[in-house]
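The structure under discussion appears below in the form of structure tokens.
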Amino acid sequence: MLKTKLDIAKNWLPRYTGTELDEFGDYLLLTNFDNYVHYFAEEFNCDIKGIGRPMQTATNSSGLTIVNFGIGSANAATIMDLLVAKKPKGVLFLGKCGGLKLSTEIGHFILPIAAIRGEGTSDDYMPKEVPALPSFKLHKFVSDKIIEHGQEYRTGVVYTANRRVWEWDEKFKDYLKSLYTIAIDMETATLFIVGLVNQIPRGALLLVSDLPLIPDGIKTDVSDKKVTERFSKLHLQIGIEAMTEIGIKGEQIKHFVY
1 MLKTKLDIAK NWLPRYTGTE LDEFGDYLLL TNFDNYVHYF AEEFNCDIKG
51 IGRPMQTATN SSGLTIVNFG IGSANAATIM DLLVAKKPKG VLFLGKCGGL
101 KLSTEIGHFI LPIAAIRGEG TSDDYMPKEV PALPSFKLHK FVSDKIIEHG
151 QEYRTGVVYT ANRRVWEWDE KFKDYLKSLY TIAIDMETAT LFIVGLVNQI
201 PRGALLLVSD LPLIPDGIKT DVSDKKVTER FSKLHLQIGI EAMTEIGIKG
251 EQIKHFVY
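FYI, the numbering for the sequence shown is 1 to 258, going by the numbering used here.
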């Protein structure tokens with residue numbers, strides 16, 4: 001019988017991913033892009049598991065696992081809940097976001113210092129007053145790798161929304177401007193809060209894929225394809241290098257619990 005959260009997670013994580021618990025590495029990359037999993041599998045010549053399941057994974061010989069968990073805050077909460085079955089030592093989300101500042105350009109990377117909980121999902125886990133924060137030591141490793149690759153990156157607060165089609169809504173866009181947020185996405189705040197609840201060290205490296213406050217900056221099929229072709233492999237490579245280095249050094253990146 002599945003009586004506890006841990007019991008459920010141990011049963012459901014393999015069911016959702018087609019991957020046994022002992023096949024997951026201690027460090028994980030999370031994404032919502034199928035092509036990132038395929039790039040990873042090609043680079044390390046490893047199998048993709050979970051094809052036909054809600055989530056797909058691949059794990060290299062160094063013990064780094066990538067998981068495509070799908071799109072949106074509900075899926076983000078699901079994967080972070082199911083990962084209690086593995087208790088990973090570190091998780092990095094590789095996602096795309098819309099840039100909301102003039103200082104952000106398509107192709108820039110963003111390391112969020114916090115995320116505004118506009119998605120609602122995280123309200124089931126923590127009171128609204130609790131900020132959605134990353135594990136900052138993990139972000140230090142990621143920052144170092146971005147710099148090593150000679151890339152631009154920004155820090156700031158990301159707004160996490162629970163609606164995908166909002167670019168037409170002038171009232172909502174004015175609201176976003178009033179918050180002084182640097183970017184908008186659909187997963188980061190949820191990942192941070194549910195990671196906090198489950199005591200999973202977590203971070204996010206976001207790729208600016210569109211500029212939705214500018215009339216001609218709204219993402220299209222053509223523009224997204226260009227961003228994917230130009231930046232996705234670098235995005236993934238930075239994540240791989242950062243999480244691999246953390247694993248090699250074996251540094252503790254978990255927040256203290258008081």
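Beta carbons: idealized from backbone N, C-alpha and C, even for Gly. Small disclaimer: the values here were computed from a predicted structure and weren't measured.
Do the CB positions of residue 21 and residue 86 come within less than 9 angstroms of each other?
One-based indexing of the sequence shown puts residue 21 at position 21. One-based indexing of the sequence shown puts residue 86 at position 86. Contact: yes.
Among all the DSSP beta bridges, which residues are the ones paired with residue 68?
Here residue 68 refers to the residue found at position 68 when the sequence shown is read from its first residue. Answer by DSSP bridge pairing, in chain order: 31 and 56.
Drop a sphere of 10 angstroms on the beta-carbon of residue 185, count the other beta-carbons inside from all chains shown, and report buried for 16 or more, exposed for fewer.
Reading the sequence shown from its first residue, position 185 is the one you call residue 185. Counting of Cβ neighbours within 10 angstroms places residue 185 among the buried residues, the total reaching 16 or more.
So, helix, strand or coil for residue 185, using DSSP?
In the sequence shown, counting from the first residue as 1, residue 185 sits at position 185. It is a strand residue.
If you measure between the beta carbons of residue 95 and residue 187, is that distance less than 9 angstroms?
Walking along the sequence shown from the start, residue 95 turns up at place 95. Walking along the sequence shown from the start, residue 187 turns up at place 187. It is a contact, given that the beta carbons lie within the stated cut-off.
Residue burial classification, residue 259 (beta-carbon count within 10 angstroms, cutoff 16)
Here the chain has residues from 1 to 258 only, and residue 259 is not among them.
Looking at C-alpha atoms only, which residue of 61, 91, 156 and 190 is the closest neighbour of residue 246?
Translated into positions along the sequence shown, residue 246 becomes position 246. It is 91 whose Cα lies nearest to the Cα of residue 246.
Buried or exposed by the 16-neighbour rule on C-beta atoms within 10 Å, applied to residue 171
The residue given as residue 171 occupies position 171 in the sequence shown. Under this definition residue 171 is an exposed residue.
Runs of alpha helix (DSSP H) wholly within the region 201–229 (minimum 4 residues, chain order):
none
With distances taken from CA atoms, which of 122, 243, 66 and 110 is nearest residue 197?
The residue given as residue 197 occupies position 197 in the sequence shown. Selected option, being the one with the closest Cα: 122.
Confirm, please, whether the CB-CB distance from residue 111 to residue 153 is below 9 angstroms.
Here residue 153 refers to the residue found at position 153 of the sequence shown. Here residue 111 refers to the residue found at position 111 of the sequence shown. In contact: residue 153 and residue 111 (Cβ atoms closer than 9 angstroms).
Give me, in chain order, the residues of the same chain whose beta-carbon lies closer than 7 angstroms to that of residue 224; leave out the 5 immediate sequence neighbours on both sides.
Taking the first residue of the sequence shown as position 1, residue 224 is located at position 224. Answer for residue 224: 209, listed in chain order.
The ligand GTP and residue 190: does the residue's C-beta get closer than 8 angstroms to at least one heavy atom of that ligand?
Inclusion of the ligand GTP in the displayed structure is not the case, the ligand content being empty and no account of it being possible.
What does a CB cutoff of less than 7 angstroms around residue 160 pick up in its chain, not counting 5 residues either side in sequence?
By 1-based counting over the sequence shown, the position of residue 160 is 160. Excluding positions up to five away in sequence, the list reads 73, 115, 116, 117, 118, 119, 185, 186, 187, 188, 189 and 190.
What residue range does the beta strand (DSSP E) around residue 175 cover?
Reading the sequence shown from its first residue, position 175 is the one you call residue 175. Not the beta strand (DSSP E): residue 175 falls in the alpha helix (DSSP H), residues 170–179.
Please classify residue 52 as buried or exposed, where buried requires at least 16 other C-beta atoms within 10 Å of its C-beta.
On the sequence shown, position 52 is the one that residue 52 refers to. By the 10 Å Cβ count, residue 52 comes out exposed.
Would you tell me roughly how many angstroms separate the C-alpha atoms of residue 71 and residue 219, rounded to the nearest one?
Translated into positions along the sequence shown, residue 71 becomes position 71. Translated into positions along the sequence shown, residue 219 becomes position 219. Their Cα atoms are separated by approximately 16 angstroms.
Starting from residue 17 and walking both ways along the alpha helix (DSSP H), at which residues does that stretch end?
Locating residue 17 in the sequence shown gives position 17, where the first residue counts as 1. Element bounds for residue 17: 5–17.
Measure from the alpha carbon of residue 60 to the alpha carbon of each residue in 42, 54, 69 and 89, then state which is nearest.
Here residue 60 refers to the residue found at position 60 when the sequence shown is read from its first residue. Out of 42, 54, 69 and 89, 42 has the C-alpha closest to the C-alpha of residue 60.
When 18, 230, 238 and 128 are compared against residue 58, the one with the closest alpha-carbon
As a working mapping, residue 58 is identified with position 58 in the sequence shown. Minimum Cα distance to residue 58 is reached at 18.
Going by DSSP, what residues sit across from residue 116 in a beta bridge?
Stepping through the sequence shown from its first residue, residue 116 is reached at position 116. Answer is 159.
Endpoints, the beta strand (DSSP E) within which residue 24 is located:
Translated into positions along the sequence shown, residue 24 becomes position 24. Per DSSP, residue 24 belongs to no beta strand (DSSP E) and is neither H nor E.
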